[in-house]
Amino acid sequence: MHAITVPSPGGPEALVWAEVPDPEPGPGEVVVDVRASAVNRADLLQRQGHYPPPPGAPAYLGLECSGVISAVGPDVTDWRVGQEVCALLAGGGYAERVAVPAGQVLPVPAGVDLVDAAALPEVACTVWSNVVRLAGLRAGETLLVHGGGSGIGTFAIQLGVALGATVLVTARAAKHERLRELGAAHTIDYAGQDFVEEVRRVTDGRGADVVLDIMGASYLRQNVAALATGGRLMVIGLQGGRKGELDLNALMAKRATIGATTLRARPAAEKAAIVRGVRDEVWPLVEAGRIRPVVDRRMPMAEAAEAHRRVENSDHLGKVLLTTG
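Counting in UniProt numbering, the sequence shown runs from 1 upward without gaps.
And the structure:
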């Protein structure tokens with residue numbers, strides 16, 4: 001088969017479409033003939049040599065895919081050859097085939113195109129596990145989403161609205177109209193507006209109950225300031241740095257909570273539990289049309305370098321998909 005390889009870490013030009021060995025399904029695994037994968041920020045970091053795959057994961061980029069099952073390994077009873085699926089991966093999505101633990105496989109939701117389904121697994125699992133499972137977002141609360149135009153952001157807006165929350169987002173001004181169409185109640189231009197002031201203004205001084213943050217250190221102080229009493233800050237990205245100063249008194253005064261998670265390196269059993277939760281609680285919302293995959297564009301997998309440039313420059317809205325056919 002062919003896959004996108006990275007012979008030497010570097011810029012987008014480091015990505016090479018090359019012939020590699022075919023995967024074989026191990027115990028509890030299935031092989032998926034990939035129709036599409038999606039570009040995530042983690043892929044950019046891995047390409048640069050900063051985010052190696054966890055032990056046992058394929059060396060190739062790609063944290064999600066959609067396609068058709070072509071082989072099943074021993075002990076697999078829930079899936080069969082020929083089923084259309086999408087899957088959460090520890091790596092290997094930028095390829096014509098990938099082996100994946102059966103517990104990380106999802107059916108393609110009814111009404112969703114097979115290729116577009118590749119836009120769902122990583123964002124659905126990340127957002128649901130943080131916003132719902134850990135932060136416990138409830139109807140009537142306010143959710144602040146940073147990076148509203150990203151794949152994570154566009155999904156989080158829709159999930160928050162479907163759960164009955166009021167969703168506020170930060171994003172480039174050029175993306176605001178699309179984000180309001182997805183259900184954002186208020187959009188904030190992070191380049192020209194103070195998001196803390198805006199959050200306080202639109203919530204009558206109360207603040208956000210849940211903040212989903214991709215920035216990390218550079219937003220830590222402001223995120224705590226933007227929280228409501230009893231608020232929950234969930235950090236899922238470090239685009240603004242790893243180390244920041246935390247005012248514990250401010251956090252204690254609000255009786256607030258900070259959580260921080262990653263998904264890729266979790267044990268397979270933990271990932272399978274998240275996937276089950278997504279299938280039970282999120283897939284019905286997708287099949288009802290209340291959440292849909294937001295696809296910026298489809299590009300041939302051999303053009304992964306150009307896809308990386310688009311995501312690196314934040315020119316996209318939603319997910320950039322890489323297709324094999």
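Backbone N, C-alpha and C define an ideal beta-carbon position, used for all residues, glycine too. Keep in mind it's a predicted model, so treat the numbers as computed, not measured.
- Closest in alpha carbon position to ALA208, among GLU29, VAL167, ALA42 and GLY241, is VAL167.
- When the alpha-carbon of CYS65 is set against those of ALA36, MET1 and ALA225, the nearest one is in ALA36.
- Contact between ALA110 and GLY28 fails: their C-beta atoms lie close to 26 Å from each other, not under 8 Å.
- Where GLU84 is concerned, the enclosing beta strand (DSSP E) starts and stops at 84-88.
- Within the same chain, Cβ atoms closer than 8 Å to the Cβ of ALA217 are found at LEU238, GLY240, GLY241, ARG242, LYS243 and GLY244, the five residues on either side in sequence being excluded.
- Judged by beta-carbon spacing, LEU159 lies beyond the 8 Å limit of VAL210, meaning their Cβ atoms are not closer than that value.
- For PRO284, the uninterrupted alpha helix (DSSP H) segment begins and ends at 283-287.
- Under a 10 Å Cβ-count criterion, ALA250 is classified as exposed, with fewer than 16 other Cβ atoms of the shown protein chains found around its own Cβ.
- Inclusion of GLY149 and ALA184 in the CB contact set at 8 Å is not warranted, their separation being larger than that value.
- Residue state for THR77 is assigned as coil, using DSSP reduced to three classes.
- If only complete runs of 4 or more residues are kept, the region 136-195 shows the alpha helix (DSSP H) at 151-162 and 176-182, in order along the chain.
- Across the structure, LEU263 and LYS271 are spaced so that their CA atoms are roughly 8 Å apart.
- Under the three-state reduction of DSSP, THR257 is assigned to strand.
- Under the DSSP assignment, ALA36 falls outside any alpha helix (DSSP H), being part of the beta strand (DSSP E) whose first and last residues are 29-38.
- Contact check for VAL98 and PRO55: beta-carbon distance about 17 Å, past the 8 Å limit, so the pair fails to qualify.
- PRO9 and THR229 have their C-alpha atoms some 44 Å from each other.
- When secondary structure is reduced to three states using DSSP, LYS319 falls in the strand class.
- Secondary structure at HIS50: coil, using DSSP grouped into helix, strand and coil.
- Judged by beta-carbon spacing, VAL68 lies beyond the 8 Å limit of ASP113, meaning their Cβ atoms are not closer than that value.
- Per the Cβ contact rule, the region 2-16 is in contact with the region 40-52 (3 or more Cβ pairs under 8 Å).
- About 23 Å separates the beta carbon of ALA162 from that of LEU63, a gap too long to meet the 8 Å contact definition.
- When DSSP assignments are scanned along the region 263-314, the uninterrupted stretches of beta strand (DSSP E) that are 3 or more residues long and fall wholly within it turn out to be 295-300.
- For GLY205, the closest C-alpha among the options ILE236, ALA225 and TYR219 is that of ALA225.
- Contact between GLN104 and VAL275 holds: their C-beta atoms lie close to 5 Å from each other, under 8 Å.
- The continuous alpha helix (DSSP H) containing ARG221 extends over residues 220-226.
- Measuring C-alpha to C-alpha distances from THR5 to each of TYR60, VAL39 and GLU181 identifies TYR60 as the nearest.
- Judged by DSSP secondary structure, ALA208 falls within the beta strand (DSSP E) whose first and last residues are 208-213.
- Annotation note: the region 105-130 contains the following uninterrupted beta strand (DSSP E) runs of length 3 or greater, listed N- to C-terminal: 105-107.
- In this structure, ARG266 keeps its C-beta atom at 8 Å or more from the C-beta atom of ALA135.
- With distances taken between CA atoms, ASP22 lies nearest to ALA95 out of ALA95, LEU246 and GLU312.
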